[in-house]
Amino acid sequence: MANIDEDMIAQYFYKGAKVEISSKDEGFQGSWFQGTVLGYRKSKSNSCMKVLVRYKTLMKDKEGTRRLKEELDAMQLRPALPPENCRRFESYEEVDAYYHDGWWAGIITEVLGEDKYSVFFRDSREQRCFKAARLRRHREWVYGKWVPPPLKRAKVEEVSMSTEEKPKKETIDNNFSQGEVEVNTDEDGIQDDWFAAVVDKKSGAPEVSIATEVKPNEEIIVNNFSPRAPVEVSSDEDGFGGAWFPATIVKELDKGKYLIEYRTLRNDDDTELLREEVDSLHIRPCPPDIELLDRFEVLEEVEALYNDIWWVGVVSKVRKNDEYNVYFRSNNEELGFKHSDLRVHQEWINGKWIFPPKYVLAGDASRKTSSSTNSLGKMLE
């Protein structure tokens, strides 16, 4: 794991800096909350940098009058993501959704129309509907840079005419006809952002409506697995985010749980393969083979085989001889891999496989990249 030194602290996490804060607490994986740096120090126990922050939207008391303060590892912070213009999103695009006072990482599974999108959250296995106003493109802070780089917002320059008279201050009333506009808000956490909106009507002052509500949970399909079925299992343990362990179903238990046997992990005394009880939300079938049309590209999401475990990462560099550098978000590490140790990243969502539309199933020559018939990319029942 990369260390954050005092120089990086002074550059990005100085007193008063606006930041985003991640959490190690269970149930908060993949979330980022806005805050401000109050100060920092070096820990005496392990020489790690500790940063004192004040949250912008999380409160210490039930009345909501005192903002929460915490001293955290510097590794849990990143600079505040610069605001961008509103935009349209595509299926399978990774996004952050503003929900429960923070930004939560998810993936768009369906474009619903009318600026609405269905977003699936990997960690909680939830699926919800959001307006575009509550979404932004997902980005990672890697070694002092945003990946992918943020888009610069268009700026409107003010031009003043030269005159001998002292310019007069003038308030201009904008008259908006029906159509799309951008608006901002005083709501905590998103004051600096501009959201897509629609002018409903004009009666005196313009009335602009912007839907910010989040639709309730969409139904999550419970998966049923048969004994001896090969599967892959995820873990909520610290350090194993984005990891999938090959396993076999032993038998079904009560309340949606299964007894599984890992294919490569062994028990403490190394006498037999490790068995555990796992709920169905942490189990998926083995992904189907995908035909790779070309080499993987930089910033493409892949799964890398490391220590007999498949880890979700992002290609950070394409090297010679079919080799790649892959960056792993969960532990902030970058490792080199051969092409044969990588596979296309796929998502198992509600009983279907979702993967980027440029790929096809191995051996399925009839499916071409240009034949995508809907915004979900390629889906398998």
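Our numbering applies: residue 5 is where the sequence shown begins, and numbers increase by one.
Every residue gets a Cβ at the ideal spot worked out from N, C-alpha and C, and that includes glycine.
query = In this structure, does DSSP put S320 in helix, strand or coil?
reply = Taking the sequence shown and counting its residues from 1, the one referred to as residue 320 is at position 316. S320 falls in the strand class under three-state DSSP.
query = Quick one: Cα of I13 to Cα of Y59, how far?
reply = Mapped onto the sequence shown, residue 13 falls at position 9. Mapped onto the sequence shown, residue 59 falls at position 55. Each residue's alpha carbon lies about 18 Å from the other.
task = On the DSSP bridge assignment, give the partners of S122 in chain order.
result = Here residue 122 corresponds to residue number 118 of the sequence shown, with the count starting at 1. Beta-bridge pairing links S122 to E114 and C133.
query = Between R143 and the rest of its own chain, which residues show a CB-CB distance below 7 Å, the 5 nearest in sequence each way excluded?
reply = Translated into the one-based positions of the sequence shown, residue 143 becomes position 139. Within the same chain, R143 has close Cβ partners L85, W150, V151, P152 and P154.
ask   = What's the gap between the Cα of L56 and the Cα of Y44?
value = Locating residue 56 in the sequence shown gives position 52, where the first residue counts as 1. Locating residue 44 in the sequence shown gives position 40, where the first residue counts as 1. If I take the Cα positions, the gap works out to 6 Å.
ask   = Around the C-beta of P361, are 16 or more other C-beta atoms found within 10 angstroms, so that it is buried, or is it exposed?
value = One-based indexing of the sequence shown puts residue 361 at position 357. The residue is buried, with at least 16 neighbouring Cβ atoms inside 10 Å.
ask   = For the putative contact between E241 and K261, defined by C-beta atoms under 8 Å, what is the C-beta separation to the nearest angstrom?
value = Reading the sequence shown from its first residue, position 237 is the one you call residue 241. Reading the sequence shown from its first residue, position 257 is the one you call residue 261. Actually they are not in contact, since the Cβ atoms of E241 and K261 sit about 17 Å apart, beyond 8 Å.
ask   = Within 10 angstroms of its Cβ, does H349 collect 16 or more other Cβ (buried), or is it exposed?
value = Taking the sequence shown and counting its residues from 1, one reaches residue 349 at position 345. The Cβ neighbour count for H349, taken over all protein chains shown within 10 Å, is at least 16; the residue is labelled buried.
message = I believe V316 touches E305 by the beta-carbon criterion, under 8 Å. Please report the beta-carbon distance rounded to the nearest angstrom.
response = Residue numbering aside, residue 316 sits at position 312 when the sequence shown is read from its first letter. Residue numbering aside, residue 305 sits at position 301 when the sequence shown is read from its first letter. Their Cβ separation, rounded to whole angstroms, is 7 Å, which keeps V316 and E305 in contact under 8 Å.
query = CA-CA distance, K46 and M53?
reply = Counting from one through the sequence shown, the residue named residue 46 turns up at place 42. Counting from one through the sequence shown, the residue named residue 53 turns up at place 49. Each residue's CA atom was taken as its position, placing K46 and M53 some 5 Å apart.
query = Relative to the alpha-carbon of K28, which residue among D77, E10 and P83 has its alpha-carbon at the smallest distance?
reply = Counted from its first residue, the sequence shown places residue 28 at position 24. Checking every option, the nearest Cα to that of K28 belongs to D77.
ask   = With I294 and N227 assumed to form a contact (beta carbons below 8 Å), what rounded beta-carbon distance in angstroms separates them?
value = For the purposes of this step, residue 294 is identified with residue 290 of the sequence shown, where counting begins at 1. For the purposes of this step, residue 227 is identified with residue 223 of the sequence shown, where counting begins at 1. For a cut-off of 8 Å, the C-beta gap from I294 to N227 is around 20 Å, too long to register as a contact.
request  = Return the chain-ordered list of same chain residues with a C-beta closer than 6 Å to the C-beta of L346, the five sequence neighbours on each side being excluded.
outcome  = As a first step, residue 346 must be located in the sequence shown, where it is residue number 342. Within the same chain, and ignoring the five residues on either side of L346 in sequence, the residues whose Cβ sits closer than 6 Å to its Cβ are V306 and A308.
inquiry  = Here's a check: name, in chain order, each residue in its chain whose Cβ is nearer than 7 Å to the Cβ of L303, leaving out the five neighbours to either side.
reply    = Your numbering for residue 303 matches position 299 in the sequence shown. Short of 7 Å from the beta carbon of L303, and not among the five residues preceding or following it, lie these beta carbons of its own chain, in chain order: V151, P152, V318 and V319.
query = DSSP puts E305 in a beta bridge; with which residues?
reply = In the sequence shown, the residue the question calls residue 305 occupies position 301. DSSP output for E305 lists V318 as bridge partner(s).
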